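In the numbering used here, the protein residues as written are 220 to 402.
All residues carry an ideal CB built from backbone N, CA and C; glycine is no exception.
Small disclaimer: the values here were computed from a predicted structure and weren't measured.
Worksheet: the structure to be examined is printed underneath.
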Ligand code: HEM
Ligand code: HEM
């Protein structure tokens, strides 16, 4: 017997899809810069990348808390196989860890390059590290590594969502979509 997972809260759903959109735009903005001429346009794109990345970090905080709440309620009523739940929880935890660590590495790398980070020029973020270009290069390296890692996890994540929807035919995917009764 399959029992439907508990309904997701509307905010979690909206923030999940907003994060996807932000990740697409911020990744495009940092790669687009490589093909462009003009220092000011490159800086504009890098600043857009930084601000959107900081937004991902800010959004990740309430998302993570709501996810913990959801996981606790899910654990109680779901009869799903242990390993299925365990791997989903581990994968989501790894994605959340990167959603926190990646922006912080980018923020630190910017500071180590001597640049202050701000959210769309409106709010300045505190400086986390002193100017040190070698350290900045290392931080950018780990930032890029983290970005590849999260992309890999997202590919697996989307594969798992499709498997739930088309093979297992359960409510996991539809539960993450905006349905009428949630409005
Ligand atoms: C989840 C959020 C983020 C993702 C997925 C991400 C992804 C990336 C990727 C893929 C690159 C490498 C592009 C290349 O190979 O040239 C990059 C570079 C960079 N990112 Fe991020 N980033 C995020 C957030 C941030 C934040 C919040 C900041 C700063 C506040 C930041 C600052 C930088 C900097 C300084 C670079 C190096 C750009 C360069 O000079 O080439 N990133 N990021
Ligand atoms: C087309 C792309 C995507 C699809 C189809 C998708 C689908 C889903 C589904 C069906 C769930 C519910 C899983 C469950 O209840 O066990 C989920 C949760 C989750 N997804 Fe995605 N996702 C996508 C993109 C992303 C991206 C880009 C990220 C972040 C990098 C992400 C991070 C998460 C996280 C952390 C959760 C668990 C926390 C929560 O419930 O909000 N997803 N996703």
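query: Under 8 Å between the Cβ atoms of residue 362 and residue 321?; result: yes
query: Kindly indicate which residue of 367, 394, 369, 229 has the alpha-carbon position closest to the one of residue 380.; result: 394
query: Apart from the five residues on each side of it in sequence, which residues of its chain come closer than 8 Å, Cβ to Cβ, to residue 189?; result: A question about residue 189 goes unanswered here, because the residues of the chain that appear run from 220 up to 402.
query: Check each candidate in 386, 388, 229 and name the one with the smallest Cα separation from residue 285.; result: 229
query: Can residue 331 and residue 308 be called in contact, C-beta distance under 8 Å?; result: no
query: Would you mind reading off the limits of the alpha helix (DSSP H) that contains residue 248?; result: 229 to 251
query: Classify residue 338 as helix, strand or coil using the three-state DSSP reduction.; result: strand
query: Quick one: Cα of residue 344 to Cα of residue 256, how far?; result: 28 Å
query: Any heavy atom of ligand 1 closer than 7 Å to the CB of residue 302?; result: no
query: Is residue 326 buried or exposed, if buried means 16 or more other CB atoms sit within 10 Å of its CB?; result: buried
query: Quick one: what's got a C-beta closer than 6 Å to residue 333's C-beta in the same chain, skipping five residues either side?; result: 350
query: State the Cα-Cα distance for the pair residue 233 and residue 386, rounded to the nearest angstrom.; result: 25 Å
query: At the level of alpha carbons, what is the spacing between residue 306 and residue 300?; result: 10 Å
query: Taking residue 269 as the reference, give the member of 339, 303, 258, 313 with the closest Cα.; result: 339
query: Should residue 345 be listed as close to ligand 1, given that the test is whether its C-beta is under 7 Å from any heavy atom?; result: no
query: Would you kindly work out how many angstroms separate the C-alpha atoms of residue 235 and residue 282, rounded to a whole number?; result: 8 Å
query: Any chance the CB of residue 385 is under 7 Å from a heavy atom of ligand 2?; result: no
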